[in-house]
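This report concerns only the one structure given below.
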Amino acid sequence: ALQRPILFSTWTSRNYTSVDRDSLKDVVEARLKVFYEEELDMPLVVFDEVLHHVLRLDCVLRQPIGHLLLIGDSGVGKTVLTRFVAWMNGLTVFQIKATRRYSLDNFDDDLRDVMRRVGVDGEKICFIFDESNALSSAFLERMNALLASGEVPGLFEAEELSALLNAVRDAAKEAGLLLDSDDEVYRLFTVNVQRNLHVVFTMNPAGNDFKNRSVTSPALFNRCVVDWFGTWSQRT
73 ALQRPILFST WTSRNYTSVD RDSLKDVVEA RLKVFYEEEL DMPLVVFDEV LHHVLRLDCV
133 LRQPIGHLLL IGDSGVGKTV LTRFVAWMNG LTVFQIKATR RYSLDNFDDD LRDVMRRVGV
193 DGEKICFIFD ESNALSSAFL ERMNALLASG EVPGLFEAEE LSALLNAVRD AAKEAGLLLD
253 SDDEVYRLFT VNVQRNLHVV FTMNPAGNDF KNRSVTSPAL FNRCVVDWFG TWSQRT
């Protein structure tokens, strides 16, 4: 009988294939060393559970429209492992800074900025959204819409929308695409958003609102791959 899960990855070769655990651990440790030297001020320890979660995150973030819902207690590494895998895949990490003065208007500004970057400029972004950032239900309503369709209805007002469409049209021309109508241009924008944006939600199952999320925010569960971060084994 198999004692351990079979691991698959592209990190030790160009092909997505089964990999030796020790070889994979060596690769991850080497890349983590570079990552924490560039991005963090503390080293990370690699053990079996870390390898498993890193490979799950990598598998999803490599897919078009690949989104994740990471569930686990605070301090189990949900955010830092996501940042590492995003870094490995050349994704820019975006996180909002929700202070007490951070408002829905601020959130809308951040969403517009991210959507322009992925939808017009073609930047590939991993948007890490912790449930503590959802300062009101409207925050998750917008994220639900974004996951479901690649747009947030009403986010861009008339002048902003016109400027957005012109920017998308210009970028399309440079790529050799001739689009006749504004509808075609906007459709290309939403396709680009879905192609280039990866959203990773992090949640604590002990949170007061966790049980209500599946009802109030169905896209979190319908459109995200769920990865449960349990407690680390005692030998770690």
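In terms of the working numbering, the sequence shown is residues 73 to 308. Cβ atoms here follow ideal geometry from the backbone N, Cα and C, with glycine treated the same way. Note that the structure is a prediction, hence the values are computed from the model and not measured.
In this structure, Ile197 is the residue among Ile197, Asp185, Val148, Gly138 with its C-alpha nearest to the C-alpha of Trp159. Under the 8 Å Cβ criterion, the stretch 197-207 does not count as touching the stretch 239-256, having fewer than three qualifying pairs. The three-state reading of DSSP puts Phe293 in helix, counting H, G and I together. About 19 Å separates the CB atoms of His125 and Phe293; that is not less than 8 Å, and the two are not in contact. Between the C-alpha atoms of Arg103 and Arg134 there is a straight-line separation of about 17 Å. Under the DSSP assignment, Val240 falls in the alpha helix (DSSP H) whose first and last residues are 230-246. Considered as a whole, the stretch 90-168 harbours 140-144, 164-166 as its complete beta strand (DSSP E) runs of no fewer than 3 residues, in chain order.
For Val272, the enclosing beta strand (DSSP E) begins and ends at 269-275. Rounded to the nearest whole angstrom, the C-alpha separation of Ile168 and Asp254 is 31 Å.
A Cβ-Cβ contact shorter than 9 Å links Phe166 with Phe199. Nearest in C-alpha terms to Val190, of all of Gln266, Glu246, Glu213, Val148, is Gln266. The continuous beta strand (DSSP E) containing Asp202 extends over residues 197-202. Val298 has Leu141 as its beta-bridge partners, per DSSP.
By alpha-carbon distance to Glu256, the top candidate from Val100, Leu176, Asp299, Leu236 is Leu236. Distance between Arg259 and Asp177, taken at the CA atoms: about 25 Å.
Between the beta-carbon of Ser146 and that of Asn276 there is about 6 Å, and that keeps the pair under the 8 Å contact cut. Scanning Gly226, Arg128, Ser289 for the CA closest to the CA of Met215 turns up Ser289. DSSP, reduced to helix, strand and coil, places Asp193 outside both helices and strands of the structure shown, so it counts as coil.
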